[in-house]
Each structure stands twice: as C-alpha cells, then as structure tokens.
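Novice: First residue of the sequence shown? That's -2 in the working numbering, and the numbers climb one at a time after it.
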Amino acid sequence: MIVLLASSKTLNLEKLDCPFTSSPLLLAHAKSLLTEFKNYSALELQQKMKISSKLADQTYSWFKDATLLPNVPCALPAILMFEGMVFKYIDVGNYSLNELEFAQKHLRILSGLYGILRPLDLIEPYRLEMALVTNYWKEAVPHFLVTEKDDVIVNLASQEYYNVVGKTGKKVITPVFKEYKNGEYKIITIFTKFARGMMANWIIKNKIVDPQKLKEFSEGGYSYSPELSEGDLLIFTRN
C-alpha cells in the first residue's frame, strides 16, 4: 500500500537531525526542469506563478542557488522540509527508526520540482506548484508508481497534484473527510488538509498495510461512513 501526499508551499528551513537519508529517484528529470526555471527572472516568475514580488524574489533566489547535488548545506529530508497544514499533523519528530523505515517504504510525496519523493529524500528549498508542470511529469510519475511493488494507492493528495498520477493499473482508494454543518456533511478544505495529515500519520504509526483497515481510522473525531461511501471512495465524517 502506497500513500500519496502533495508537497506544501510552506517550508521549514531549520536543520534537523535524521538517522538516515536518501536521494530523489527522479533527479535527472528534476535537474532538467530546474535548468528551465533558472532561466526565468524574478518578474517572470511572479507573472507565471501569480505570486507577490516578495515571494517571486525568494523563489528566484532558491532556483538560482539550487544545485540538486547531494549533501548541500541547505538540503533536508522532504518530510522535515515540508511544513504545510497536512505535514503539521505528521509527528515525524517522534517517529522511531522502525516507523521512519515504514514511512520510507510506504509514503510518497508528489512534488512540482522533484516529481515524486520518499520522505527521507534530501531536497533543497523551492516553490513550484504542480499545476504549472503537470504535463512535464505526466509520464515520469505514473511510470515510477507502476514500478512500485505495492498494488494499492491511498490518495491523500489534492486534486491538483493527483492529476499527474494518471493511469497506473493499481487500485486507488481515496479517503474524503466531511464536517457536519448546517444540517449536512460538507468538505471544508482546511479540515481536509488536517485530516489527510492525521490519516498519513496514523497509517505510519500503526503500520497499516491492509486497505480494509483504513475504515478503522478515528483520529480527530472522524469515523467511517458506510452509508456515504461508495466503492473505493471512503467517506469519513465528523459531527
């Protein structure tokens, strides 16, 4: 069972210790993409990414300084660098070595610059949303997933990022999280992000490899709803 998450724009740049690390597996593709983005000015990045001038300057600086070489001082494992709402609920700082090894085997993070990452793959700071580069990755990412031995994908990524996955021939289970509000169950984006992180963390801590076990998820007050679920779309609700 492979769990998919989307990378985040919010980054942690503080150096943290990790017992072991790895290198991104689609590095050659990433280097080619980086070469393209190194050619853009800060203004061009601002216009292309529709971001503020301040963010564009930071993004330009990251692209300019990036080497994608091993052991650069600013590199961190992906699971430690990404710090968005999903990742705040992944308690990697308290993982045992055994749990880190499980995460490394079963968790994958979709990334605009790197395509797809294992948790302990060393990455450099960057900002590049998948929507800008979906076409670039639409062959390499699905091909990578096809080579994974696991035959089930648990999709905890946003639709923007999952669009790059395409057809892999694998069974795809998509958990959906809904809140009870004004007399009905609704998807609320911020809570969905929290819940995705909680489920990923729960899978790792409990070493879940049987897709049927996903229905036992109850973190944060959620519970599986057989009435609302359909096929491989698993609905979890919270009152």
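For glycine and all other residues, C-beta sits at the position ideal for the given N, C-alpha and C.
(1) Taking a contact to mean a Cβ-Cβ separation below 7 Å, would you say Ser155 touches Ser4 in this structure?
(2) With DSSP run on the structure shown, which of helix, strand or coil describes Tyr92?
(3) Can you give me the Cβ contacts of Val161 inside the same chain, cut-off strictly under 7 Å, excluding the 5 residues immediately before and after it?
(4) Which two residues bound the contiguous alpha helix (DSSP H) that contains Val0?
(5) How long is the line joining the alpha carbons of Gly228 and Ala197, rounded to whole angstroms?
(6) Would you list the one or two residues that DSSP bridges to Asn152?
(7) Quick check: the Cα distance between Leu31 and Leu125, rounded to an integer number of angstroms?
(8) Hey, which unbroken runs of the alpha helix (DSSP H) at 4 residues or more fall wholly within the region 41 to 77?
(9) Of all the options Ser226, Asn36, Ile120 and Leu94, which has the alpha carbon lying nearest to the alpha carbon of Leu77?
(10) Quick check: the Cα distance between Glu96 and Asn236, rounded to an integer number of angstroms?
(11) Between which two residues does the beta strand (DSSP E) harbouring Ile241 extend?
(12) Since Lys264 is in the alpha helix (DSSP H), which residue starts that stretch and which ends it?
(13) Relative to the alpha-carbon of Lys250, which residue among Tyr123, Tyr86 and Phe191 has its alpha-carbon at the smallest distance?
(14) Tell me whether the beta-carbon of Ile150 lies closer than 7 Å to the beta-carbon of Val173.
(15) Taking DSSP as the reference, what is the three-state secondary structure of Val161?
(16) If you draw a straight line from the alpha carbon of Gln55 to that of Tyr92, how long is it in whole angstroms?
(17) Relative to the C-alpha of Leu94, which residue among Ala63, Leu66 and Phe17 is closest?
(18) For Cys15, collect the residues of the same chain with a Cβ closer than 6 Å to its Cβ; drop the 5 residues on either side in sequence, then sort them by chain order.
(19) Where does Gln209 land, buried or exposed, given buried means 16+ other C-beta within 10 angstroms?
(20) Going by DSSP, which residues form a beta bridge with Gly217?
(21) Phe233 bridges to which residues according to DSSP?
(22) Indicate whether the contact test is met: 3 or more Cβ pairs, each with one atom in the region 36 to 54 and one in the region 62 to 74, closer than 8 Å.
Specialist: Here's the rundown:
(1) no
(2) coil
(3) Leu107, Met127, Thr131, Trp134, Lys135 and Val138
(4) Per DSSP, Val0 belongs to no alpha helix (DSSP H); it is in the beta strand (DSSP E), Ile(-1) to Ala3.
(5) 21 Å
(6) Leu1
(7) 10 Å
(8) 50 to 62
(9) Ile120
(10) 31 Å
(11) In the structure as shown, the chain begins at -2 and stops at 236. Residue 241 is therefore absent and cannot be evaluated.
(12) Residue 264 is absent from the model: the chain starts at -2 and stops at 236.
(13) Since the first residue of the chain shown is -2 and the last is 236, residue 250 is not available in this structure.
(14) no
(15) coil
(16) 32 Å
(17) Phe17
(18) Pro74
(19) exposed
(20) Answer is none; Gly217 lacks a bridge partner.
(21) Phe174 and Tyr221
(22) no
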